[in-house]
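What follows is a set of notes on a single structure, which appears directly below.
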Amino acid sequence: MKVKCYQLSSVGSVREHNEDFIAFWEPDDFYVRKDIGSIAILADGVGGMGNGEVASRLAAETALSIFRESKPETSPTDLVRQVFDETASRVFQAAQKQGQGQMATTLITSIFRHDKVTVAHVGDSRAYLIRAGKIKRLTTDHSYTSLQVRLGLLLERNAMTSPHRSTLTRSVGTEPICHYDVSDEPLMKGDVILQCSDGLYGYVLDDEILDLVVKFHPGEACKRLIALADKRQVSDNVSVQVTQVWDLDQAPAPGPTATARPAGKELNVGSLLDDRFEVTDIIAKSGMASLFKANDRLTGKAVALKVPLLQIESDPAGFDRFRREEEIGLQLNHPGILKILPVEKKSRPYIAMEYLEGQTLSELLKSIRPLPEPDAVKIASRVCEALDYMHKNGVVHRDLKPQNVMLCNDGTIRIMDFGIAKAEKARRLTFVGFTPTMGTPDYMAPEQVKGSRGDERTDIYSLGAILYEMATGETPFGGDSPYVIMNARVTGDPVAPRKANPKLTPVLEEIILHAMERDPKRRYPSAAAMKGELDNYESVVMTSRHSRLQAPQMWKSRFRMLPMILAFVVLQIVLFFLFMRHFRKH
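So the number in this note's numbering is just where the residue sits in the sequence shown, counting from 1, plus 5.
In structure tokens:
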């Protein structure tokens, strides 16, 4: 595949330093280039954290170095994983060495190989595909305003003026590892892949980008796009890369590298599980299971595979939790609950489930603490809707926490992980002492701490604790150990939400405290009842604000009428005396 990249970066009309860094590289040798392809990189340093230009340069140069040293047999997916793992680690370590606390950057890489582009990114820089006079966005912004729009919490037209417009929910360098998005796009001759920083699309509309790229040579289009952003007094650095596809390769002949290998005991990228699931990426690994992204050859869709570690398979307690998650998940079918896929014959234990793109509520709360009050209320309301369905179907989650609530890129939410859930027909779990299977101390209901299995109101307490954290930025109870935290919720009440966050309304504080009553009988009787109050929150708050606004206006109106009233009283007094004087004369 032949591609040509044109790129341009500007400091803009306000900033003193350019914290953007752009790069494009491909091997000079034709045959090497055909094997490993080309790469376009754009990084936008996070200025608010300091040393943004250091972070962006380090990330881009790390990505370039890894790509230059890559082997033809390394798939773009594996290459992307290496790039983002290494860049996140290096930027994080650099910040620690320099004593800067934190420094971070966005990062977007596009690898062009074998007639397709693999786009991976973290942050709010964007990639577009321009084809046949149309423009298509290939990336999802990892910013809070973007999340608000997707979840229906904010209108698109208000996003650009939001105070959270530049608040990232993901970046490279804030932690030693980062969660990135990756996708493949087949290419056609004449296609254009455009990458840009938010300094461009924040001031230039997508249709304007399309118009200039279609009308002008790519190099000239870059100049005009930068000039247009500068004309609108952009307050940020502006960078743009336009990569045009000149020609395509012949389809590669099928061979060993194009065929998935049968899965052995250890799954990895390229493994084929049960002649159906072709593993394409590693999502995450933990002490209990590995999570893989795979292509379901039966449906052609991406799925997620949760595979327990070998030692878990031989551990009765751990494996029971694993089986329970699938058993209960298969009973539920609701858009707010993670969908488990039925698989009749398995060569080994695993769970097949829908593949979700997005981030957990826990990940969001690392970036935004606290959430805007209306957003916290609407997220809690949607969780209530899913809980209500679960409870009506005889399932109690019992481990509801921000890590188990997924905020998806398509604007939906999912409740996940039913490993310790209670169902009417499920086996009973027995807990001996405090273990991870018991629940999470920060969100456990008091009756769980006492050893009770709990019921629907147990989940309501946990949701109240989650809402507390969303609204205040803090968990309800603090302590040096899980035992201290658990004991605190049994013997006392949390700090009043409005004391933790004075900006909260009394309405929301009342909802939180009602959900978190220590006595289950005093909580909301159902998730539907709690949802009713959450949905009524806006009208109650607006009525209260209207009343507060009306009171001063009413008094102002009365004060404006006071002179007229006084004049009328004086006139009545004068007339009275005149009348009495006239009466005495006669």
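Note that beta-carbon positions come from the ideal geometry of N, C-alpha and C, so glycine has one too.
Contact between Ser240 and Asp25 is absent: CB atoms are separated by about 14 angstroms, not below the 8 angstroms threshold. Under the 8 angstroms Cβ criterion, the region 371 to 382 does not count as touching the region 327 to 342, having fewer than three qualifying pairs.
For Asp252, the enclosing beta strand (DSSP E) stretches over residues 243 to 252. By a beta-carbon distance limit of 8 angstroms, Asn506 does not contact Pro377. Their separation comes to about 11 angstroms. In the structure shown, the three-state DSSP call for Ser75 is coil. DSSP places Cys183 outside both helix and strand once states are collapsed to three, so it counts as coil. Burial state of Met569 is exposed, judged by a 10 Å Cβ sphere holding fewer than 16 other Cβ atoms. Under the three-state reduction of DSSP output, Thr463 falls in the helix class.
For Phe297, the pairing in a beta bridge is given by DSSP as Ile287, Leu310. Under the rule that a run must span 3 or more residues, the beta strand (DSSP E) segments found entirely inside the region 351 to 435 read 356 to 359, 363 to 365, 410 to 413, 418 to 420. Annotation for Val96: the continuous alpha helix (DSSP H) segment containing it runs 81 to 103. When C-alpha distances from Gly204 are compared across Glu180, Ala232, Leu192, the shortest belongs to Ala232. Scanning Met395, Asp404, Ala289, Asn300 for the CA closest to the CA of Arg86 turns up Ala289.
Taking one beta carbon from each stretch, the region 307 to 314 and the region 343 to 359 have 3 or more pairs nearer than 8 angstroms; the two touch. Going by DSSP, Val454 is part of the alpha helix (DSSP H) stretching over 451 to 454. With respect to the 8 angstroms criterion, Ile420 and Leu343 are classified as neighbours on the basis of their beta carbons. C-alpha of Leu230 to C-alpha of Arg38: approximately 30 angstroms in a straight line.
Taking 8 angstroms as the cut-off, the Cβ atoms of Gly178 and Val243 do not count as close. Within its own chain, no residue has a Cβ closer than 6 angstroms to the Cβ of Glu66 once the five positions on either side in sequence are excluded. The Cβ atoms of Leu112 and Val127 lie closer than 8 angstroms to each other.
For Tyr149 against Ile140, the beta-carbon gap comes to about 24 angstroms, at or over 8 angstroms, which does not count as contact.
The region 207 to 216 makes no contact with the region 17 to 33; the number of CB pairs closer than 8 angstroms stays below 3. A straight-line Cα-Cα distance of about 43 angstroms links Leu217 and Glu543. For Ile44, DSSP records a beta bridge to Trp30, Ile116. Annotated as proximal: Arg387 and Gly341, with beta-carbon spacing under 8 angstroms.
The beta carbons of Arg302 and Glu271 sit no closer together than 8 angstroms.
DSSP places Thr496 in the helix class (H, G or I) of the three-state scheme. Burial state of Ala501 is exposed, judged by a 10 Å Cβ sphere holding fewer than 16 other Cβ atoms. Scanning Ile71, Leu47, His169, Ser531 for the CA closest to the CA of Asp393 turns up Ser531.
Counting only residues of its own chain and dropping the five nearest sequence neighbours on each side, Ile116 has a CB closer than 6 angstroms to the CB of Gly42, Ile44, Pro81, Thr123. Taking C-beta separations shorter than 8 angstroms and ignoring five residues to either side along the sequence, the partners of Ile71 in its chain run Leu84, Gln87, Val88, Glu91, following chain order.
Residue burial is scored here from C-beta neighbours: Tyr36 has fewer than 16 other C-beta atoms within 10 angstroms and is therefore classed as exposed.
Listed in chain order, the beta strand (DSSP E) elements of length 3 or more contained wholly in the region 323 to 352 amount to none. For Ser151, the uninterrupted alpha helix (DSSP H) run begins and ends at 149 to 155, by DSSP. Secondary-structure assignment with DSSP links Thr172 through no beta bridge to anything.
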